[in-house]
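Residue numbers (full-length UniProt numbering): 1 to 115.
For each residue, glycine too, the CB sits at the ideal point set by N, CA and C.
Take a look at the structure set out below.
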């Protein structure tokens, strides 16, 4: 499992297509590396680029409907993070499962930040 998080200066940024890089981590929060964001914004090759690198989950605070549909079509689960959550924190196990085992749209789950 490989989780991508849009960041700038190692801080989670709210909108996925504005990220200069993606923090890559496992479910426990261990950083595995970084991935440069491809150019192109909302209509660019981001979903394919993430999938090509083995990304299975994308954590966002905001995502447009078209980009959400493109991520789901690429087989990437989208997880919404609430305010206060930052890269390096583990994700709840409930947010890391698909809604079912078929190729239906990925589950969208909210995760809470630090209390």
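Alpha-carbon to alpha-carbon, residue 26 and residue 2 | Distance between the alpha carbons of residue 2 and residue 26 is about 5 Å.
Pick out whichever of 90, 83, 50 has its Cα sitting closest to the Cα of residue 14.
-> Measuring from the Cα of residue 14, the nearest candidate turns out to be 83.
Selection from 63, 56, 11, 80 that minimises the alpha carbon distance to residue 41 = Out of 63, 56, 11, 80, the CA that lies nearest to the CA of residue 41 is found in 63.
Please say whether residue 50 and residue 76 have beta carbons closer to each other than 8 Å?
-> Yes, the pair counts as a contact, with Cβ atoms nearer than the cut-off.
Rounded C-beta distance between residue 67 and residue 7? I'm assuming under 8 Å.
-> 17 Å between Cβ atoms; not a contact.
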